[in-house]
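*Asks:* First residue of the sequence shown? That's 29 in the numbering used here, and the numbers climb one at a time after it. Heads up, the beta-carbon is just placed ideally off N, CA and C, and yes, glycines get one too.
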Amino acid sequence: MFQNYLKLAWRHLVKQKMYSFVKIGGFAIGIAACLLIALFIKDELSYDQDIPFKNRTYRVVNEELYQGKKEFYIWQQAAVAKVIKEDYPEVEKVGRFLNSELFGAGPNQIRRSDKLQNVYEERFVYMDQDLIDIWGLKMLEGDQLHALDEPNSLVITKSKADKFFPGESAIGKIMIINNDASKPRKVTGVIEDFPKNFHVGFDFLMTIAGVVFYEGEQTNWLATNYHTYVRLKEGTDVRKFESKLSAITRKYYIPQIIASGQRVNTGQIEADKKYLLQPVSEVYLRNGVVLDGLNHGDIRFIWLFGAIAGFILLLACINFVNLATAKSANRAIEVGLRKTVGSERSGLISQFLTESLLISFVSISLGFVLAYILLPFFNTLSSKSLVFPFTEWWPVPVLIVSSLIIGMLAGLYPAFYLSGFKPINVLKGQLVKGSKGSDLRSTLVVFQFTTSIILIIGTFVIYRQVNFILNAKVGYERDQVLLVHGTNTLGDQVAVFKEEIKKLPQVKNATVSDYLPIKDTKRNGNPFWLHGKTKETASASGQFWLTDYDYIETLGMKLAQGRNFSKDRKTDEKAVIINQKLAKELGLKNPVGQHLTNQTNSGNDLEVIGVVENFHFESMKEDIGGLCMSLGASPSIVSVKISASDTKQTIESISKVWNSLAPNQPIRYTFMDANFSKMYEDINRMGMIFTSFAILAVIVASLGLFALSAFMVEQRRKEIGIRKVLGASIQSILGLLTRNFLILVLISAVIASPIAWYIMQKWLQDYEYRIDITWDIYAFAGMLAAAIAVLTVSYQAVKAALIDPAKTLKSQ
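1) Determine contact between the region 412-421 and the region 64-84, defined as no fewer than three beta-carbon pairs at a distance below 8 Å.
2) Whole angstroms are fine: how far does the CA of Q608 sit from the CA of E120?
3) Starting from the Cα of K261, find the closest Cα among M585, E92, L510 and P117 and give me that residue.
4) Is the beta carbon of F396 sitting closer than 8 Å to the one on L63?
5) May I ask you to verify whether the region 667-677 touches the region 605-620, counting CB pairs closer than 8 Å and requiring at least 3?
6) With distances taken between CB atoms, is the gap from Q693 to T517 smaller than 8 Å?
7) To the nearest angstrom, how far is the alpha carbon of R373 from that of V726?
8) DSSP three-state call for Q246: helix, strand or coil?
9) Using DSSP with H/G/I as helix, E/B as strand and the rest coil, what is A500?
10) Counting C-beta neighbours from all protein chains within 10 Å, is the total for A661 16 or more, i.e. buried, or is it exposed?
11) Evaluate contact between the region 640-659 and the region 568-587, counting only Cβ atoms and requiring at least three cross-stretch pairs below 8 Å.
12) Closer than 6 Å by C-beta to D231: which residues in its own chain qualify, once you throw out the five before and the five after it? Chain order, please.
13) Counting only beta-carbon atoms, is Q622 nearer than 8 Å to chain D?
14) Between which two residues does the beta strand (DSSP E) containing Y148 stretch?
15) On the CB-based measure, 16 or more other CB atoms within 10 Å of its CB, does R850 come out buried or exposed?
16) If distances are taken between C-alpha atoms only, which option among I433, A784, L176 and V826 comes closest to A18?
17) Going by DSSP in three states, Q296 sits in which element: helix, strand or coil?
18) On the DSSP letters alone, give me the boundaries of the beta strand (DSSP E) that P135 sits inside.
19) For the alpha helix (DSSP H) that Y400 lies in, which residues bound it at each end?
20) The beta strand (DSSP E) spanning A538 covers which residue range?
21) Just verifying my parser: in three-state terms, what is the DSSP assignment at G546?
22) G732: which of I336, W249 and L468 sits nearest, CA to CA?
23) Under 8 Å, with one C-beta from each stretch per pair, do the region 211-229 and the region 160-171 reach the 3-pair mark?
24) Let me make sure I understand the geometry here. Which of G238, V741 and M811 has the alpha-carbon closest to that of A828?
25) Could you check whether Q824 and S12 sit closer than 8 Å to each other, using their CB atoms as the reference points?
26) Alpha helix (DSSP H) containing T675: first to last residue?
27) Which first and last residues belong to the alpha helix (DSSP H) in which S822 is found?
28) Between the alpha carbons of Q105 and A251, how many angstroms are there, rounded?
29) Starting from the Cα of E178, find the closest Cα among I236, F406 and N350 and give me that residue.
30) Which of the three DSSP states, helix, strand or coil, is assigned to A568?
31) In three-state terms, what does DSSP make of G654?
32) From N136 to I546, what does the alpha carbon distance come to, in whole angstroms?
33) Taking the alpha-carbon positions, what's the L558 to Y795 distance?
34) Extract the residue ranges of the alpha helix (DSSP H) inside the region 209-286, only unbroken runs of 4 or more that lie entirely within it.
35) For T766, name the three-state secondary structure that DSSP assigns.
36) DSSP three-state call for L182: helix, strand or coil?
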């Protein structure tokens, strides 16, 4: 019997090719979207799941009340790890890493000691030995337990060992970083490459042992630079242990603040500052408001994209229901005759469910193929390297089970609907009276277009926010600024390089500084006071940047008060220029001539000679912070303001100067506007993903509308014939058939607008600087949906309007 049902199902699919294509195509699109998002979600959820003992491994987080607002950040004092290890027996292991470019981590030039050619590499980090074990990094060569114990030791990944030492062991080899032969690094270990699904990734692990960044740094409780991880012993109560950590503030932090001469309320500090433990498995996806400078996923987007995939699949199921009922007239006579000759309703239901299962199986199979074809494009959108799971066990069982579940769910209503026709009504030609159920179908189409309009509105909001950010006035000039990287390897010749390129006719100006208002350049954090007021007033937080005389002019910043640094004034070596935000936080209406102090300068007197207008030096997700600029050496990047006339020739001229000074190191450069855009790759990527799924949803919803229009034409065929006989024009018939659908789209827009507003307002809250969601976005989304609906329905409407009424009435 089942074989017979299968044959009948196949015949109906082949006979109604166009409708079969729409049914299967809609399903396949929904399945492909679900599969791609499932691969994405699976990859995101896999982050940090392979860390050994992850259930008792934590990252130490600071919670601090600052200006009435709770702040969470991960940078710890160097001594925190030592104190935790010595004072708390609950701790099994503790380890730190430091990835600040301020101290030589991040990107560097590196070479073998027996080679002259430098190679640019990015993923350098200072690390404790115990962190290798805490993270579960596998040592391929060297001592797993002591590779980073000795000063100047270096552990590299397998890929870098193969790159620098092909065909030979890297152990014992010497490497030189940034041409500094006075600090040779000995390779003491080779580890497996960091997993891609790990919240950090490094290639060059430099030991912290024996490193002196500055005098007293390892015991300084006022400087926070380190990420600190702990593994607790089995059975430790995490919350109780966390509460014990407050003793660190009381025993070590507060005494040093008092010794530094700052105004202090010990009780208030203890209440405002806490050490928390964040499970390592939550660092990537559930980081929330914790500042750490790392790249993260977002569990909210996981659920959002999962919901979108589910909705697209649901839209495809709705299409199946609508298309099945739309062609009900063609199946009615079949049902009536079979019931007349004795067929049971259960047999008819089984047949229709078999058809549904066949369509489901074919659709899911095609969905798998479509997902495989679209995977490279999706990888580009999501910045992933997902692979199709051909070698895993689950694709075939999922294909079979999904076909059964989706086929049954999508086919139940059509099966009961079609099998429920009464033979006497069918044979009397009264099918129209027995199959009105339009309310459900209209509701389903409203649901489809509501979902589509929400996605369309979301896409418009995201792209408008992107354009707002990329075209906003940021307070400096980022166009036509060439950034030459790795200039610190020139040593004393950095100044020579700068002066030589300034002589080029295409170069307007140049400045030397690693501190730039773009991502992946140096940052620090400092408290500032008016000089002599450390015991009387609270500090103001701000960045302390080392720049040169040409910095402000090269980047086109504006001075609101005072003057720029001058080579003619020797005293400017101890002068500073602050931004308006820092002046406001210090309560200074006339800052010029005031004197500041901060911990970086060990309490030295810093005279304010100028105030620069506020500019965005971080992402627009954050408010502009305080900033203080001082003259000093920060030589890794030279920023060059060039003319727009002949960029290629300008770069060639700069390259010639570079090659004359560094013949063994290729010049490496980027443009500041491109680096600025990289700060917002995540929002751009989200916009592209939203757009892609919005298009899929619109396509699937349009198929649904096509189904409903086919049904309405089927139902009103005789009415259309009579109207044409009585003189109705094609335009009037077209309006008759499209009017109801436009009303459905209007209802969808009304429902979708507040839902989309709520969702996008939540999303925009992540940005300190954001757009307003204005009425035109909703209007445009509604008009676009209406236009799509009219175009979709018009095919069936025009087709019906052009039918010869004689044929229509004769067939009735």
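*Replies:* By the coordinates alone:
1) Yes, they touch.
2) Between E120 and Q608, the C-alpha separation is close to 47 Å.
3) Between K261 and the set M585, E92, L510 and P117, the nearest pair of CA atoms involves P117.
4) Yes, the Cβ-Cβ distance between F396 and L63 is below 8 Å.
5) The region 667-677 vs the region 605-620: no contact.
6) Result yes, Cβ atoms of Q693 and T517 sit closer than 8 Å.
7) Taking the CA atoms as reference points, R373 sits about 36 Å from V726.
8) In the structure shown, Q246 sits in a helix (DSSP, three-state: H, G or I).
9) It is coil, neither helix nor strand.
10) Under this definition A661 is an exposed residue.
11) Per the Cβ contact rule, the region 640-659 is in contact with the region 568-587 (3 or more Cβ pairs under 8 Å).
12) Around D231: R151, T185 and K188.
13) This model lacks chain D altogether; it includes just one protein chain.
14) From DSSP, the beta strand (DSSP E) with Y148 extends over V147 to M155.
15) This structure gives no information on residue 850, because the portion of the chain shown stretches from 29 to 840.
16) This structure cannot settle anything about residue 18, because the visible part of the chain is limited to 29 through 840.
17) Here Q296 sits in helix by DSSP.
18) If you look at P135, you'll find it in the beta strand (DSSP E) that goes G134 to R140.
19) For Y400, the enclosing alpha helix (DSSP H) begins and ends at R373 to S410.
20) Annotation: the continuous beta strand (DSSP E) that includes A538 extends over V535 to V540.
21) Checking the sequence, you will find Ile at residue 546 rather than Gly. In the structure shown, the three-state DSSP call for I546 is coil.
22) Checked all of I336, W249 and L468; the closest Cα to G732 is L468.
23) A contact exists between the region 211-229 and the region 160-171.
24) From the listed residues G238, V741 and M811, the smallest Cα separation to A828 is found for V741.
25) No statement about residue 12 is possible, as the shown extent of the chain runs from 29 to 840 and does not include it.
26) That run of the alpha helix (DSSP H) goes T675 to L689.
27) Note, S822: alpha helix (DSSP H), W803 to A829.
28) The C-alpha of Q105 lies about 6 Å from the C-alpha of A251.
29) Closest option to E178, Cα to Cα, is I236.
30) Three-state DSSP puts A568 in a strand.
31) Three-state result, G654: strand.
32) Cα to Cα, the separation comes out at about 18 Å.
33) Using only the alpha carbons, I get a separation of about 32 Å.
34) Runs found: 266-272.
35) DSSP places T766 within a helical segment (H, G or I) once states are collapsed to three.
36) In the displayed model, L182 falls within a strand according to three-state DSSP.
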